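Participant: I have a structure I would like to understand better, so I am pasting it below and will then ask my questions one at a time.
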Amino acid sequence: LGGYSSRPDATNISDTEELQRVVPVVDLILKEFPDTLISIDTFRSKVAEETVAHGAAIVNDISAGKLDSNMLPTVAKLKVPYIMMHMKGTPQTMKSETHYDNLLKEILFYFSERLSEAKKLGIVDMIIDPGFGFAKTREQNFELLSKLELFKMIEKPLLAGISRKSFIYKTLDTSPDKALNGTSVLNTVALQKGATILRVHDVKEAAECIQLISQIK
Numbered sequence: 045l046g047g048y049s050s051r052p053d054a055t056n057i058s059d060t061e062e063l064q065r066v067v068p069v070v071d072l073i074l075k076e077f078p079d080t081l082i083s084i085d086t087f088r089s090k091v092a093e094e095t096v097a098h099g100a101a102i103v104n105d106i107s108a109g110k111l112d113s114n115m116l117p118t119v120a121k122l123k124v125p126y127i128m129m130h131m132k133g134t135p136q137t138m139k140s141e142t143h144y145d146n147l148l149k150e151i152l153f154y155f156s157e158r159l160s161e162a163k164k165l166g167i168v169d170m171i172i173d174p175g176f177g178f179a180k181t182r183e184q185n186f187e188l189l190s191k192l193e194l195f196k197m198i199e200k201p202l203l204a205g206i207s208r209k210s211f212i213y214k215t216l217d218t219s220p221d222k223a224l225n226g227t228s229v230l231n232t233v234a235l236q237k238g239a240t241i242l243r244v245h246d247v248k249e250a251a252e253c254i255q256l257i258s259q260i261k
């Protein structure tokens with residue numbers, strides 16, 4: 045659940061507006077479905093702290109603490125699981141920050157550094173997300189997926205957020221609403237290469253991918 049759009053060129057909003065968008069929704073969901081685990085998507089420590097106070101269970105940060113120096117200490121204090129994603133720049137600048145001398149090496153080093161910093165501060169439960177579509181070209185996204193098994197060496201749960209991304213529908217010359225088949229294909233590849241969590245729009249179809257892959261020994 046997020047109140048700040050992380051799409052390329054997204055409009056920057058204040059943390060106050062972000063909170064106004066998400067806190068009532070967290071309250072409403074937990075009132076109707078009290079056992080739901082809500083992951084709050086934010087790179088702001090103030091939003092993380094307030095939404096966890098209202099019952100959010102996980103913090104999902106597209107910047108891995110790089111856009112708010114208080115984020116890692118806040119998560120350590122809150123003692124909740126933390127999803128850290130790889131991204132260069134911000135949602136407003138990431139389309140122009142796609143140069144890598146060695147894509148996989150740089151992302152792996154990024155996680156090594158961010159995980160070490162988080163561990164020093166006392167964060168225990170961490171999940172890594174290589175950031176498909178964030179500061180990466182279409183070709184780089186496919187390269188990342190093709191080598192996704194390398195992230196197993198980090199020994200943390202691996203989240204893949206591929207669902208209906210532009211590198212799928214642009215490759216297929218279609219639109220996001222017609223990218224379900226492509227999403228299912230690439231989710232299957234991600235699972236085969238070590239992804240343990242899928243971030244999706246289409247839960248039933250993703251669950252079927254997981255069910256079928258689990259039958260292949």
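The opening residue of the sequence shown carries number 45 in the working numbering; numbering runs sequentially from there.
Each residue gets a CB set at the ideal place from its N, CA and C atoms; glycine is no exception.
Treat the numbers as computed from the prediction; the structure is a model and nothing was measured.
Going by DSSP, name the residue or residues bridged to Met-128.
Facilitator: Position 84 of the sequence shown, counted from the start, is the residue given in the question as residue 128. Answer is Asp-105 and Ile-172.
Participant: Count the other CB atoms, across all protein chains shown, that sit within 10 Å of the CB of Pro-55; report buried if there are 16 or more and exposed otherwise.
Facilitator: On the sequence shown, position 11 is the one that residue 55 refers to. Looking at the sequence provided, one finds Thr at residue 55 rather than Pro. Burial call: exposed.
Participant: Under the rule that 16 or more other beta-carbon atoms within 10 Å means buried, what is Gly-166, buried or exposed?
Facilitator: Mapped onto the sequence shown, residue 166 falls at position 122. The residue in question, Gly-166, is exposed, as its Cβ has fewer than 16 Cβ neighbours within 10 Å.
Participant: Along the chain, where does the alpha helix (DSSP H) containing Asp-59 start, and where does it finish?
Facilitator: Along the sequence shown, read from residue 1 onward, the residue named residue 59 stands at position 15. Here the alpha helix (DSSP H) through Asp-59 covers 59-76.
Participant: Is the beta carbon of Phe-178 closer than 8 Å to that of Met-115?
Facilitator: For this step, residue 115 is matched to residue 71 along the sequence shown. For this step, residue 178 is matched to residue 134 along the sequence shown. No, the Cβ-Cβ distance between Met-115 and Phe-178 is not below 8 Å.
Participant: Relative to the alpha-carbon of Ile-198, which residue among Leu-45, Glu-157, Met-131 and Arg-208 has its alpha-carbon at the smallest distance?
Facilitator: The count along the sequence shown starts at 1 and reaches residue 198 at position 154. Checking every option, the nearest Cα to that of Ile-198 belongs to Glu-157.
Participant: Quick check on Asp-53: buried or exposed, where buried means 16 or more other Cβ atoms within 10 Å of its Cβ?
Facilitator: Within the sequence shown, numbered from 1, the residue matching residue 53 stands at position 9. By the neighbour-count rule (16 or more Cβ atoms within 10 Å), Asp-53 is not buried but exposed.
Participant: Can you look up Ala-204 in the DSSP assignment and give me helix, strand or coil?
Facilitator: Here residue 204 refers to the residue found at position 160 when the sequence shown is read from its first residue. Correct three-state label for Ala-204: strand.
Participant: Is the region 62-79 touching the region 140-153, taking contact as three or more C-beta pairs under 8 Å?
Facilitator: Touching, no, given that fewer than three Cβ pairs across the two stretches are closer than 8 Å.
Participant: In whole angstroms, what separates the C-alpha of Gln-236 from that of Ser-190?
Facilitator: The residue given as residue 236 occupies position 192 in the sequence shown. The residue given as residue 190 occupies position 146 in the sequence shown. Looking at the two C-alpha atoms, the distance is approximately 11 Å.
Participant: Just reading off the alpha helix (DSSP H) that Ile-151 is part of, what are its end residues?
Facilitator: To locate residue 151, count along the sequence shown from 1; it is residue 107. Its alpha helix (DSSP H) spans residues 147-165.
Participant: Do you know offhand how far Gly-238's Cα is from Ser-50's?
Facilitator: Taking the sequence shown and counting its residues from 1, one reaches residue 238 at position 194. Taking the sequence shown and counting its residues from 1, one reaches residue 50 at position 6. C-alpha separation (whole angstroms): 25 Å.
Participant: Could you pull the DSSP bridge partners for Ile-254 from this structure?
Facilitator: Stepping through the sequence shown from its first residue, residue 254 is reached at position 210. In DSSP, Ile-254 forms no bridge with anything.
Participant: What ranges does the alpha helix (DSSP H) occupy inside the region 202-251, keeping only unbroken runs of at least 4 residues that lie completely in it?
Facilitator: Listed in chain order, they are 210-213 and 224-236.
Participant: Using the Cβ count rule (16 or more neighbours within 10 Å means buried), how would you classify Phe-153?
Facilitator: Translated into the one-based positions of the sequence shown, residue 153 becomes position 109. Looking at its Cβ environment, which holds fewer than 16 other Cβ atoms inside 10 Å, Phe-153 is exposed.
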